[in-house]
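Counting in UniProt numbering, the sequence shown runs from 1 upward without gaps.
Here's the structure, in structure tokens; my notes come after.
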Amino acid sequence: MSQALDNGEKLGLPNMVFVQLSGYGNDNTWVLESLKGTRLARGRGVVAFDPERIDFQTLKEWHGLGVRGVRVNLRSSKTVLSRTEIQSILRKYAEKLRPLKTWSIGLYADMEVLDHVQPLLSELQVKVVLEHFGSPAFLPLDPSKQPGWDSLCRMMEDPSVYVKISAPYLFSTDADFSDLESLAKSLFRMRNGTGVVFGSDWPHTKSRGWDAKPFVEKVMEWCEGDEELREKLFRENARDLWDTE
């Protein structure tokens with residue numbers, strides 16, 4: 001917990017969202033204990049659970065601690081899911097979240113999977129966060145050439161959809177992240193900058209020892225001096241998404 005607070009202070013980010021690590025499965029102890037050690041106004045959490053086993057009372061208790069979302073990881077598994085299977089999974093989660101009104105689905109899936117998600121969006125009626133730049137297939141290229149890009153663009157027309165600007169080391173091969181610049185700026189332009197949120201992805205389980213500060217500085221640079229966009233990216237959009245003051 002102290003390390004998380006120190007990291008947030010180092011990056012100039014006083015508020016934080018604790019996101020369930022994939023390696024912990026559905027054991028949300030770390031997220032919940034971290035929230036208990038944080039003032040409610042300052043911390044939010046994203047958990048993992050089986051939608052067929054969770055009960056509403058548990059979700060309400062977690063809500064009281066500051067949980068505002070569930071992470072759905074479709075990318076780490078080697079299993080290739082069909083369109084029908086992907087839509088069925090998302091329907092089950094959305095059904096559990098809708099009564100809570102302010103929760104979101106944090107979707108970690110290859111961008112091409114959005115071709116199956118986009119037609120379902122209006123039915124889900126919950127906020128959706130696309131993890132890690134929307135998880136592109138390859139870089140650097142015109143984002144419009146990315147499989148699933150058209151579906152991402154259509155999804156971003158909906159104010160309930162956000163893209164998290166995070167974990168560049170999963171895709172970038174450039175020391176200064178220049179191969180992500182075109183993608184990032186394209187995302188920034190969508191919906192007048194109201195659909196992007198910054199994420200440090202700390203503690204960087206896929207890249208131990210990685211220093212996020214240069215990435216923060218690079219993202220600020222990509223904003224090209226637009227202070228309003230910076231405020232949205234690092235603060236305002238997160239407040240709307242995570243239901244904070």
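By construction, the Cβ of each residue, glycine as well, lies at the ideal position given by its N, Cα and C atoms.
Note that the structure is a prediction, hence the values are computed from the model and not measured.
Measure the beta-carbon distance from L139 to S172 and round it to whole angstroms, keeping in mind my assumption that it falls under 8 Å. 7 Å
What are the start and end residues of the alpha helix (DSSP H) that includes I54? Segment: none, I54 is in no alpha helix (DSSP H) and carries neither H nor E.
Alpha helix (DSSP H) containing M155: first to last residue? 149-155
Apart from the five residues on each side of it in sequence, which residues of its chain come closer than 8 Å, Cβ to Cβ, to residue 314? With the chain covering only 1 through 245, there is no way to say anything about residue 314.
Output the boundary residues of the alpha helix (DSSP H) element that contains F188. 181-189
Are the stretch 90-110 and the stretch 124-137 touching, with three or more C-beta to C-beta distances below 8 Å? yes
Inter-residue Cα distance where the pair is G45 and P159: 21 Å
Short Cβ contact (9 Å threshold) for R53 with S22: no
Using only the alpha-carbon positions, how far apart do E217 and F234 sit? 12 Å
Contacts around E228, its chain only, beta-carbon distance under 8 Å, and the 5 residues preceding and following it disregarded: G193
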